[in-house]
DNA sequence: TCTGGGGTCCTAGGACCC
DNA sequence: TCTGGGGTCCTAGGACCC
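Numbering (the working numbering), first residue to last: 1 to 421.
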């Protein structure tokens, strides 16, 4: 059996740890640049505030219902998430961290210790609440695909107190019969529309479809999903995360940019971030892609989107090299006269960082460049981001995201630590 | 005034190979 | 009248996740 633990309205709950006054109030957390709603408390959901809704659309609701608005603050959320995962790991050794606020616990082999999984679920819930201060929902299921079903019922039905078990075949079938397709993992709006058009509204109806039809319209992934819903296959819990296949840094500018110099500085900053992530997973990249984008929502302004990739002469994880090629691409695709919202960089084509591919001219990355980058990583880890930086990163304020409603970084900054009276 | 960021996988189609 | 067969690799685009 598998246990899914997921935090209720994670970002909101994380804020409430340090702001108990937010308890019981409608609270929303905004995306970077304060653009969209990315988390809503139960009370905010009741006000029909939608996930992903643009902030500027909120309007009167905020005043009328005194909705608390908070800018996203990923550093403390990551910190809180780490605490949560470490506690779960104390209960069960084999866990898969699925996202910042969800984990699968593989309880195979623990049957004799935890004979009653529902009671165990309540124990987890109580411990997390006490030790970290987060409310979680718990689904107990034989297959991962069913986890979201169980967790949905755990949240939806108050009489289960946040823990729901799906084990017996007839109970599973009953649960699927009342479960809307859109809520199924891997069914998004597009697929939901298609299914609806064909009279398929529930997860149970989906299990009754023909394999050929499913694969034709929803690819082999869709077929895998339906097969697991039917109870035929089981995806194993992945204890160790696979290394990333691509690494991307492409935040929006706080204010639009149209001159090449500022873009270059912004791109430099993003490449530095990418390089850090790349070295952290011990990879080297063979391909650098850069892209530019105007604001697609501004129909009144001329639009420009372009992207181009360049292959490196050898795999590299040294920031100076990555910078050199990225800037080359930017210069090639830049066109003046557009208000750009984003310059992004993506690294891909990864090999292990110590991999040496034989080439015609034995052209390899200068090891000293990597060493410099690693030393900068160490110093920045100790003294703070960008303490050691490239002059080419500049100091422009354009790519600083807007965040008007920032809360303090209670757990990661001494200067912002919580005060007790 | 104003609409996130960072990933995954799959498929179709084109280029190219012998 | 009439233009091979079989394979690989790459890219763009579309779907999905939180």
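Quick reminder that beta carbons are idealized off the backbone N, C-alpha and C, glycines included.
Asked: Beta-carbon proximity check, residue 91 vs residue 38, cutoff 8 Å; Found: no
Asked: For residue 239, the nearest candidate out of 49, 60, 96 and 30 (CA to CA); Found: 96
Asked: Ordered list of beta strand (DSSP E) runs contained in the segment 157–199, each at least 3 residues; Found: 163–165
Asked: Where residue 261 falls, given that 16 or more other Cβ within 10 Å makes a residue buried; Found: exposed
Asked: Those residues which DSSP pairs with residue 291 across a bridge; Found: 307 and 344
Asked: Where residue 224 falls: helix, strand or coil (DSSP); Found: helix
Asked: Integer Cβ distance of residue 18 from residue 418, believed to fall under 8 Å; Found: 6 Å
Asked: For residue 223 and residue 215, believed in contact at Cβ under 8 Å, the rounded distance; Found: 5 Å
Asked: CA nearest to the CA of residue 254, picked from 34, 141, 154 and 24; Found: 34
Asked: Host beta strand (DSSP E) of residue 106 (start-end); Found: 102–106
Asked: Entirely enclosed alpha helix (DSSP H) segments - the segment 370–413, minimum 4 residues; Found: none
Asked: Residue interval of the alpha helix (DSSP H) (run including residue 79); Found: 74–91
Asked: Cβ neighbour criterion (16 or more within 10 Å) applied to residue 330; Found: buried
Asked: Pairwise C-alpha distance: residue 213 and residue 42; Found: 38 Å
Asked: Alpha-carbon to alpha-carbon, residue 366 and residue 354; Found: 12 Å
Asked: Exposure of residue 220, with buried meaning 16 or more beta-carbon neighbours within 10 Å; Found: exposed
Asked: Cβ-based neighbour list, residue 201, same chain, cut-off 8 Å, excluding 5 preceding and 5 following; Found: 180, 181 and 195
Asked: Beta-bridge pairing of residue 6 - partner residues as DSSP gives them; Found: 102 and 137
Asked: Cβ pair count under 8 Å reaching 3, the segment 282–296 against the segment 339–354; Found: yes
Asked: Sufficient close CB pairs (3 or more, under 8 Å) joining the segment 75–89 to the segment 20–28; Found: no
Asked: Whole-angstrom C-beta distance between residue 102 and residue 5, which should lie under 8 Å; Found: 7 Å
Asked: Nearest residue (CA-CA) to residue 435, options 186, 54 and 141; Found: It is not possible to answer for residue 435, since the shown part of the chain is limited to 1 through 421.
Asked: C-alpha gap between residue 308 and residue 344, whole angstroms; Found: 11 Å
Asked: Coarse secondary structure for residue 426, derived from DSSP in three states; Found: Nothing in the structure corresponds to residue 426, since the chain is present only between 1 and 421.
Asked: Three CB pairs or more closer than 8 Å across the segment 313–325 and the segment 241–258; Found: no
Asked: Cβ separation of residue 245 and residue 350, assumed to be a contact under 8 Å, to the nearest whole Å; Found: 7 Å
Asked: Runs of beta strand (DSSP E) lying entirely within the segment 200–253, each at least 3 residues, in chain order; Found: 246–249
Asked: Helix, strand or coil at residue 60 according to DSSP, with G and I counted as helix; Found: helix
Asked: Residue interval of the beta strand (DSSP E) (run including residue 28); Found: 27–30
Asked: Three-way DSSP call (helix, strand, coil) for residue 330 in this model; Found: helix
Asked: Nearest residue (CA-CA) to residue 9, options 40, 270 and 126; Found: 40
Asked: Counted within 10 angstroms of its Cβ, other Cβ atoms place residue 268 as buried (16 or more) or exposed; Found: buried
Asked: Residue span of the beta strand (DSSP E) that contains residue 23, given as start and end; Found: First-last for residue 23: undefined, no H or E at that position.
Asked: Outcome for residue 198 when other beta-carbon atoms lying within 10 angstroms are tallied against a minimum of 16; Found: exposed
Asked: Integer Cβ distance of residue 7 from residue 135, believed to fall under 8 Å; Found: 7 Å
Asked: Per-residue burial, residue 334 [other beta carbons within 10 Å of its own, 16 or more giving buried]; Found: buried
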